[in-house]
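These notes concern the structure reproduced below.
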Amino acid sequence: MAAPKEGNVSCASGEKMEESNRLADADGFIKVQSKRGRKRKAEGDQMEVDNQKKRPQFPPLQGEKLLESSKEVRKIAVPANRYTPLKENWMKIFTPVVEHLKLQIRFNIKTRTVELRASKETKDINALQKGQDFVRAFVLGFDVEDALALLRLDELFIESFEVADVKSLKGDHLSRAIGRIAGSGGKTKFTIENVTKTRIILANSKIHILGSFQNIKIARTAICNLILGSPPSKVYGNMRAVASRSAERF
Numbered sequence: 000m001a002a003p004k005e006g007n008v009s010c011a012s013g014e015k016m017e018e019s020n021r022l023a024d025a026d027g028f029i030k031v032q033s034k035r036g037r038k039r040k041a042e043g044d045q046m047e048v049d050n051q052k053k054r055p056q057f058p059p060l061q062g063e064k065l066l067e068s069s070k071e072v073r074k075i076a077v078p079a080n081r082y083t084p085l086k087e088n089w090m091k092i093f094t095p096v097v098e099h100l101k102l103q104i105r106f107n108i109k110t111r112t113v114e115l116r117a118s119k120e121t122k123d124i125n126a127l128q129k130g131q132d133f134v135r136a137f138v139l140g141f142d143v144e145d146a147l148a149l150l151r152l153d154e155l156f157i158e159s160f161e162v163a164d165v166k167s168l169k170g171d172h173l174s175r176a177i178g179r180i181a182g183s184g185g186k187t188k189f190t191i192e193n194v195t196k197t198r199i200i201l202a203n204s205k206i207h208i209l210g211s212f213q214n215i216k217i218a219r220t221a222i223c224n225l226i227l228g229s230p231p232s233k234v235y236g237n238m239r240a241v242a243s244r245s246a247e248r249f
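With the first letter of the sequence shown counted as 1, position 29 gets the number 28 in numbering that gives the first Met the number 0; the numbers rise by one all the way through.
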C-alpha cells in the first residue's frame, strides 16, 4: 500500500487549521456548525417562498359590494294570533325597516311569513340580521316601541325558554307556576321588568325576555326561582341585591 505524500498532508492540515481559526470566538472555543440546522433553515426559507407564491392577494370588499351579490331572503313566520296586531302596526314596522335599514319588506299571504331582503341602497352588513330580530321581536309579542330598541342598540338580545326547561310541570302545577311569574294583575312581572330593565312576554308556557345580556341573566334567575316555588318576597330581595351590585360594578 502506497504512503500518502507529505505535501498533500500538510496542505490538508493547513486548511483545517485556517477553518478552525475562523470559527473560533474570543474565548478560544470553536463553534461547530450543524448541517441539520442549515438544512432546516434552507427548507423553512423555501416553504416561506412557496407560501408567498401560493397565497392569493385579494383587495378588501366594501359593504355595498358584499350585499350586491347577496340574494338572501329572511322569512319570519307569523302565528295566527299576531295577524291583527301586524296589520294594525304594519306602517310602524315598515317605516324603520325601509328608511333606516334600507331593506325591502313584504308580507307573503300564501306562506304567512314576513320576508326581508337587501336592496341596492343597503350599506350596513348587519342590516338584514337587525331587521329579522326587529320583526321577530314583534311577532313574539313585544310592542313596536320596545322592539325598535333592537335597531338602535347593539347590546340587546332576545332569550326564549319554556317552563318545562326549568321544571317538568303539568296541569294545575303548570298553571300555578305561570301565575307565580305573572303575579296578581301582572304585579310580579312588572316588578321584575322594572328592576332588571328588561321586557318579558308570557305566552302560555313560553317566556321571552328582551334586554342586555347581564339584565337577561338576572331576570331569568328570578323567573326560574319562581317556577321552582320560591315566594315572591324572597325573589324580590335577591333580585334587587344582584341588580344593585351589577349597577355598582358598571
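Heads up, the beta-carbon is just placed ideally off N, CA and C, and yes, glycines get one too.
(request) Using the DSSP secondary-structure output, state which residues sit across from Ile199 in a beta bridge. (result) Ile208
(request) Compute the Euclidean distance between the alpha carbons of Val72 and Glu114, then round it to the nearest angstrom. (result) 6 Å
(message) Just verifying my parser: in three-state terms, what is the DSSP assignment at Gln103?
(response) strand
(message) Contact defined as beta carbons within less than 8 Å: I believe Gln128 pairs with Ile75. What is the distance between those atoms, to the nearest angstrom?
(response) Going by Cβ atoms, the distance from Gln128 to Ile75 rounds to 12 Å, so no, they are not a contact pair.
(message) Counting C-beta neighbours from all protein chains within 10 Å, is the total for Phe184 16 or more, i.e. buried, or is it exposed?
(response) Strictly speaking, residue 184 in this sequence is Gly, with Phe absent from that position. Answer is exposed; the Cβ neighbour count stays below 16.
(request) Measure the Cβ-Cβ separation of Lys196 and Asn214 and say whether it is below 8 Å. (result) yes
(message) Going by DSSP, what residue range makes up the beta strand (DSSP E) through Lys129?
(response) Not the beta strand (DSSP E): Lys129 falls in the alpha helix (DSSP H), residues Ala126 to Leu139.
(message) Tell me which residues share the same chain as Leu168 and place their Cβ nearer than 7 Å to its Cβ, disregarding the 5 neighbours each side in the sequence.
(response) Val162 and Ala176
(message) Between the segment 85–93 and the segment 116–125, can you find at least three pairs of beta-carbon atoms closer than 8 Å?
(response) no
(request) Drop a sphere of 10 angstroms on the beta-carbon of Lys233, count the other beta-carbons inside from all chains shown, and report buried for 16 or more, exposed for fewer. (result) exposed
(request) Could you spell out the range, first to last residue, of the beta strand (DSSP E) harbouring Leu155? (result) Leu155 to Glu161
(message) Asn88 and Val143 - do their beta-carbons sit closer together than 8 Å?
(response) yes
(request) Helix, strand or coil for Leu115, going by three-state DSSP, please let me know. (result) strand
(message) Using the three-state DSSP reduction, which class does Lys169 fall into: helix, strand or coil?
(response) coil
(message) Within a Cβ cutoff of 8 Å, which residues of the same chain sit near Ala136, ignoring the five residues on either side of it in sequence?
(response) Asp145, Ala146, Leu149, Ile157 and Leu209
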